[in-house]
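Note that UniProt numbering has the first sequence beginning at 1, numbered continuously upward.
Think of the CB as a built atom: it goes at the ideal place given N, C-alpha and C, for glycine as much as any other residue.
Predicted, not measured: the structure shown is a model, and the values here were computed from it.
Structure first, commentary second.
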Amino acid sequence: MVPVIQAARSPGLSTRLQGDTYIIENTRDTAPPFSLPLTLDCGQAFRFDQDHLGRWYGVAGDVLLCAQTVKERVEFYGVSADTAAFIDHYFDLSCDYAPLKELFCRRRPLRLAVEQFPGIRVLRQNAFEALCTFILSQNNNITRIKGLVQRLCQLTGQPFCSPLYPGRTFYRFPAPADLAGLEVSDLAPVRAGFRAKYLLDAARRVHAGQVDLERCRTLPIDEARQHLMQIYGVGPKVADCALLYGLYRTECVPMDVWMKRVMKELLPGGFPRYMRPYAGIAQQFLFHYARQNAALFKEKEPAAPAKDSLSIGG
DNA sequence: ACCCAGGTCGGCT
DNA sequence: AGCCGACATGGG
């Protein structure tokens with residue numbers, strides 16, 4: 001129930017630190033190991049953008065990450081040994097996605113999603129950050145969520161500098177203690193609207209130990225979900241996001257409007273039992289697939305997707 | 001101006 | 001248990 005296939009022997013990826021550049025390659029073929037834009041901008045993390053050179057950069061944990069795809073390789077810049085270890089963890093590089101994708105591809109609709117967007121990976125984000133950012137996500141669009149998170153970090157997070165971007169200031173995501181003592185009025189500059197009070201309730205409960213995020217890593221999944229849902233403003237969807245993205249509970253499938261549409265059309269019977277432990281990862285492929293093929297799934301009522309290309313069932 | 005956005009809450013049946 | 005409007009804000 002815990003991890004995904006750990007595959008220490010054949011992770012499918014090789015990594016090496018050359019100077020301060022951390023290079024990640026695919027050991028199986030010449031294809032890129034994973035897609036930076038798909039992984040960083042597919043609606044799981046909200047702190048990454050592209051700079052004027054096209055490099056992806058953003059704060060994760062305590063550090064600024066800056067990366068680019070160069071000739072079938074992913075390169076991270078300004079990387080220390082500690083940062084390299086963090087990258088391994090954050091991008092879950094010890095997890096081999098090949099057998100997972102093979103599993104998913106046994107169902108045709110999932111195969112279409114995986115084949116169209118093979119570079120997606122589910123990140124291992126900080127649990128409190130995942131909880132908070134998905135509290136901010138509710139009834140909101142991704143562009144604006146990124147703005148809210150950015151302003152929250154500027155207002156309450158710890159500032160630091162990076163030699164990668166001289167003269168700029170970056171901000172870590174606030175710790176529970178950074179938020180627990182604040183009032184809704186203090187968060188006004190964030191412009192989070194009705195979500196501000198939810199955010200503060202989460203911070204206070206985590207800070208007070210009333211909510212134990214780490215315990216949710218191992219609790220039976222229904223108990224973990226209920227434990228998080230004691231937070232005012234956290235329902236089943238946000239709880240599942242915190243569990244999947246922040247606590248690596250890969251059996252969780254956050255059901256937002258898009259996933260409801262795509263499941264109804266493509267997997268009306270739900271995920272097959274054999275992929276249930278990793279259904280959250282399959283979800284990431286389906287979620288992106290649905291959004292990128294919005295015209296097929298946006299229809300309110302029947303308007304089934306083109307049965308020609310999206311055959312139902314397996 | 002209008003609609004919607006990776007939902008949840010409180011108040012109804 | 002399930003439906004429905006309100007909720008703050010602003011991007012397209």
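field: Proximity winner among 37, 78, 106, 228, relative to residue 161 (alpha-carbon distances)
entry: Here the question's residue 161 lines up with position 161 in the first sequence. Comparing alpha carbon positions, the residue from 37, 78, 106, 228 closest to residue 161 is 78.
message: Residues in the same chain with beta-carbon distance under 7 Å from residue 275, minus the five sequence neighbours each way, listed in chain order, please.
response: As a position in the first sequence, residue 275 is number 275, starting the count at 1. Cβ within range, chain order: 103, 104, 282.
message: Taking the alpha-carbon of residue 17 as reference, which of 88, 34, 55 has the nearest alpha-carbon?
response: Sequence index remark: in the first sequence, residue 17 carries index 17 (1-based). Residue 88 is the option with its Cα nearest to residue 17.
- prompt: Which of helix, strand or coil does DSSP assign to residue 14?
  reply: For the purposes of this step, residue 14 is identified with residue 14 of the first sequence, where counting begins at 1. Residue state, collapsed to three classes: strand.
- prompt: From 74, 46, 168, 68, pick the residue whose C-alpha is nearest to that of residue 14; which is it?
  reply: Looking up residue 14 in the first sequence gives position 14. When only C-alpha atoms are compared, the closest one is 74.
- prompt: Where residue 80 and residue 20 are concerned, what is the direct C-alpha to C-alpha distance, given to the nearest angstrom?
  reply: Here residue 80 is taken as the residue at index 80 of the first sequence, counted from 1. Here residue 20 is taken as the residue at index 20 of the first sequence, counted from 1. Rounded to the nearest angstrom, the two C-alpha atoms are 6 Å apart.
field: Cα-Cα separation between residue 204 and residue 139, rounded to whole angstroms
entry: Counted from its first residue, the first sequence places residue 204 at position 204. Counted from its first residue, the first sequence places residue 139 at position 139. If I take the Cα positions, the gap works out to 23 Å.
field: Close Cβ partners of residue 250 (< 6 Å) along its chain, the five nearest in sequence each way excluded
entry: Within the first sequence, the letter at position 250 stands for residue 250. Taken in chain order, the residues that qualify are 4, 278, 280, 281.
- prompt: Near residue 58, which residues of its chain fall below 8 Å by C-beta distance, leaving aside the five closest residues on each side in sequence?
  reply: On the first sequence, residue 58 is found 58 positions in, with the first residue counted as 1. Sequence-distant Cβ neighbours of residue 58 in its own chain, meaning closer than 8 Å and more than five residues away, are 40, 45, 47, 48, 49, 64, 65.
message: Suppose contacts are defined by Cβ-Cβ distances below 9 Å. Is residue 128 in contact with residue 170 by that definition?
response: Numbered from its first residue, the first sequence carries residue 128 at position 128. Numbered from its first residue, the first sequence carries residue 170 at position 170. Taking 9 Å as the Cβ cut-off, residue 128 and residue 170 do not qualify as a contacting pair.
- request: Answer yes or no: the CB of residue 298 versus the heavy atoms of the ligand NAP, is any distance below 8 Å?
  value: You won't find the ligand NAP in this model; it holds no ligand whatsoever.
task: Following the continuous beta strand (DSSP E) through residue 159, name the residue where it begins and the one where it ends.
output: For the purposes of this step, residue 159 is taken as the residue at position 159 of the first sequence. From DSSP, the beta strand (DSSP E) with residue 159 extends over 159-161.
Reference residue 241, options 28, 123, 54, 94, closest by Cα: Sequence index remark: in the first sequence, residue 241 carries index 241 (1-based). Of the candidates 28, 123, 54, 94, the one whose C-alpha sits nearest the C-alpha of residue 241 is 123.
- prompt: Using DSSP with H/G/I as helix, E/B as strand and the rest coil, what is residue 289?
  reply: Against the first sequence, residue 289 aligns to sequence position 289. Correct three-state label for residue 289: helix.
query: Buried or exposed: which applies to residue 246, given that a residue is buried once 16 or more other Cβ atoms fall within 10 Å of its Cβ?
result: One-based indexing of the first sequence puts residue 246 at position 246. By the 10 Å Cβ count, residue 246 comes out buried.
query: Residue range of the beta strand (DSSP E) that residue 24 falls in?
result: Translated into positions along the first sequence, residue 24 becomes position 24. 21-26 is the extent of the beta strand (DSSP E) around residue 24.
query: Excluding the five sequence neighbours on either side, which residues of its own chain have a C-beta within less than 6 Å of the C-beta of residue 286, listed in chain order?
result: Taking the first sequence and counting its residues from 1, the one referred to as residue 286 is at position 286. Taken in chain order, the residues that qualify are 113, 262.
task: Would you check if the distance between the CB atom of residue 121 and the CB atom of residue 95 is smaller than 9 Å?
output: For this step, residue 121 is matched to residue 121 along the first sequence. For this step, residue 95 is matched to residue 95 along the first sequence. Yes, the pair counts as a contact, with Cβ atoms nearer than the cut-off.
query: When the Cα atoms are used, what is the spatial distance from residue 303 to residue 238?
result: In the first sequence, residue 303 corresponds to position 303, counting from 1. In the first sequence, residue 238 corresponds to position 238, counting from 1. Reliability of the predicted coordinates at residue 303 is poor, the pLDDT of 39 falling under 50, and the value obtained from them is presented with this limitation in mind. Answer to the nearest angstrom: the Cα atoms are 29 Å apart.
query: Helix, strand or coil for residue 375 per DSSP?
result: Residue 375 is absent from the model: the chain starts at 1 and stops at 314.
message: Measuring only the C-alpha atoms, how far is residue 136 from residue 149?
response: The residue you call residue 136 lines up with position 136 of the first sequence. The residue you call residue 149 lines up with position 149 of the first sequence. Whole-angstrom Cα-Cα distance: 8 Å.
- prompt: Is residue 47 helix, strand or coil when you go by DSSP?
  reply: Translated into positions along the first sequence, residue 47 becomes position 47. In the structure shown, residue 47 adopts coil according to DSSP, grouped into three states.
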